[in-house]
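So the protein lines, in turn, are chains P and Z.
Be aware that the first sequence starts at 79, since it is given in our numbering, and climbs by one per residue.
Be aware that the second sequence starts at 79, since it is given in our numbering, and climbs by one per residue.
Every residue gets a Cβ at the ideal spot worked out from N, C-alpha and C, and that includes glycine.
Predicted model, so just to flag it, every value in this text is computed and none were measured.
Worksheet for the structure shown next.
There are 2 protein chains.
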Amino acid sequence: MSNSEQTISDRIQQKLDDLTRAERQLAHSILENYPASGLGPLTALAKDANVSAPTVARMVQKLGYKGYSEFQAELREELKAKAKDPIAKHDAWAEGVPSEHMLNRFTDAVIDNIRHTLGHIDPELFDLACSMVAAPKSRMYIVGGRITHTLAEYLFLHMQVIRPEVVHIQSTSNAWPHYLLDVKEGDVFVIFDMRRYENNTLKLAEMAHKKGAKLILFTDQWRSPIHRLADISFSSRIVVPSAWDSAASTLLLVETMISTVQNLCWGDTKDRAEELEKMFDQTRLFRKFT
Amino acid sequence: MSNSEQTISDRIQQKLDDLTRAERQLAHSILENYPASGLGPLTALAKDANVSAPTVARMVQKLGYKGYSEFQAELREELKAKAKDPIAKHDAWAEGVPSEHMLNRFTDAVIDNIRHTLGHIDPELFDLACSMVAAPKSRMYIVGGRITHTLAEYLFLHMQVIRPEVVHIQSTSNAWPHYLLDVKEGDVFVIFDMRRYENNTLKLAEMAHKKGAKLILFTDQWRSPIHRLADISFSSRIVVPSAWDSAASTLLLVETMISTVQNLCWGDTKDRAEELEKMFDQTRLFRKFT
DNA sequence: AAAATTCTGTATTATTTATTTCAGAGCTTT
DNA sequence: AAAGCTCTGAAATAAATAATACAGAATTTT
């Protein structure tokens, strides 16, 4: 690094606010695969970022370089320096900080959790669960507990758009028995129960099971007692260097399920999403995305 | 790597015997600081190795490339691949199923998001944000939008145990202006705003800012307009093979923050947690954990 | 709603960079 | 030691890449 200790990546990031729309778009494209893309020809970079060549020329000047060539030269210098530095072996996630920093330790743990979680998933069961959730005839109930109701809600918010007849029940609420009155055989329950497993959730699961509903359970590696009733269970690893557990690996599964179900329901979803869009437009809830 | 699994470096070494004196000299120069030198202009490389430009041109052809540009392009590809590599040893996360399965594709994307997100976090700012959140004197407000309120709620549920004076505001609710009446200078807002950035959330942030509150923002890589008001912003990568965005990398940051704040507040937290424990015992909400 | 300002891409020009040609230098072989 | 061969770099040419000028589009301000 020629004149200072900051990388060009840092520099871009830092100047991000002074850049215009097209330039920012370009900046993100550069950071996307850094530094490789910045080492190619200007034209290619421009095309890659969907901006014009002059935009590239202008931006590098804004960053303080005389021209694109000088910018590239600096990138190469940086690369050279990095290759020489034996310590910079990407064992740290957040750079410029010891690997003992919480950011690194936590991320390590989460990646590890994800690896373990995925390693123990049976893909066929996962697909089966997704198709059960995608089945339009049955009603879908989503159940979460004290903490997990956030995951449940997250799933609910998406499913609501993707398919009809979705209900979110919070097992901690004392209103849930009312919901169970309507349950028909073949309805699908997606239940979240992590340690400290909750009595309410178990009761609810038992009743749903008795009524002939299908149960899909998201739990942790020690498995909620509900797993004995569940048709399909997924266990996530949740241990992190914290007094609390991590929901990250479970969220990953949930999001994957959302995406898969979305694909299965594509025809319906499109209509529903468009309709939703219109409603949002009317309420002016969102700014138009630039 | 276009046609095989060997790097260009390997390829050069392998062909070393078929090269002439000047070419070998050049080859060693390239390997000297690989790959940086090969990514510069041909002329510079030639001068660096004390050979003539045509020698470079001839050698890359001998190595099997159509010309220097193609050679460079391959180098860049290799670099790009390498940047992804540290994690790519696991080319399939869920076993017994092709890597094209959604489980694998999605996980790839999320891991990638996490790497990018962490790479762009300034650890010092992160620590600063955590200490701001841990400050017991100020009141803490947590704000989420239509989807992000789940993240907000997740943070809230934990903060509620860790420290006093925590409030969760849903910006989509029309009750939020009431909350703002009480805001004092120095109060801390943690705001979640992901794309499609929400007008309500922006308005809320503006008002809080005007009242002299500190703003900590969790947003995506394109950054909510709120970032201009925010004292500290964290951008997460959120792109996944789905019609929806992923909250996983943001959740990771939130959980790390929870853990860090928890450590900072340890003394207080212990008391609060024990008290909470008692209350749960009394309501028999949880089963005793075995 | 109009005017001013800023931004952005097309087309052009200028520059850099890669390739080819070819003559002479350096080996090898007889 | 001379002929034949291969190798190498200077110079010229060709190709590509980058920088600039300008006009239209988009945004902001008045």
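No Cβ of chain P is located within less than 9 Å of the beta carbon of I90/Z.
Taking 9 Å as the CB threshold, L229/P lines the interface with chain Z.
The beta carbon of P201/P sits closer than 9 Å to some beta carbon of chain Z. Only V318, P319, S320, A321, W322, S324, A325, A326, L329, L330, E333, T334 and I336 from the region 315-336 of chain P bring a Cβ to less than 8 Å from some Cβ of chain Z. Between the alpha carbons of Y275/Z and I269/Z lies a gap of roughly 12 Å.
Between K288/Z and D309/Z, the C-beta gap is not smaller than 9 Å, which leaves the two residues out of contact. Using beta-carbon distances, S115/Z counts as an interface residue toward chain P, with a partner under 9 Å.
Within the same chain, Cβ atoms closer than 6 Å to the Cβ of Q299/P are found at S313 and R315, the five residues on either side in sequence being excluded. Assignment of Y275/P by DSSP, reduced to helix, strand and coil, places it in the coil class.
Taking a Cβ-Cβ cut-off of 7 Å, the neighbours of H179/P in chain Z comprise P201, given in sequence order. Where V188/P is concerned, the enclosing alpha helix (DSSP H) starts and stops at M180 to G197.
Segment contact: the region 336-346 of chain Z against the region 319-326 of chain P, three or more CB-CB distances shorter than 8 Å; contact assigned. Note on geometry: alpha-carbon atoms of I247/Z and V221/Z lie some 5 Å from one another. When the beta-carbon positions are compared, Q340/P and H236/P come within less than 9 Å of each other.
Nearest to N128/P by alpha-carbon distance, out of G145/P, Y143/P and I108/P, is I108/P. Counting C-beta pairs with one atom in each stretch, the region 198-209 of chain P and the region 178-187 of chain Z have three or more that are closer than 8 Å, which means they touch.
Against chain P, the CB of W254/Z has no partner CB under 9 Å away; the residue lies outside that interface. Y112/Z belongs to the set of residues whose beta carbon lies under 9 Å from a beta carbon in chain P.
In this structure, DSSP gives D96/P a helical state, which the three-state scheme calls helix.
One alpha carbon belongs to Q150/Z, the other to R306/P, and they sit about 58 Å apart.
In the three-state scheme derived from DSSP, where H, G and I count as helix and E and B as strand, I316/Z is classed as coil. Taken through DSSP and simplified to helix, strand or coil, L141/Z comes out as coil. Annotated as distal: L123/P and S130/P, with beta-carbon spacing of 9 Å or more.
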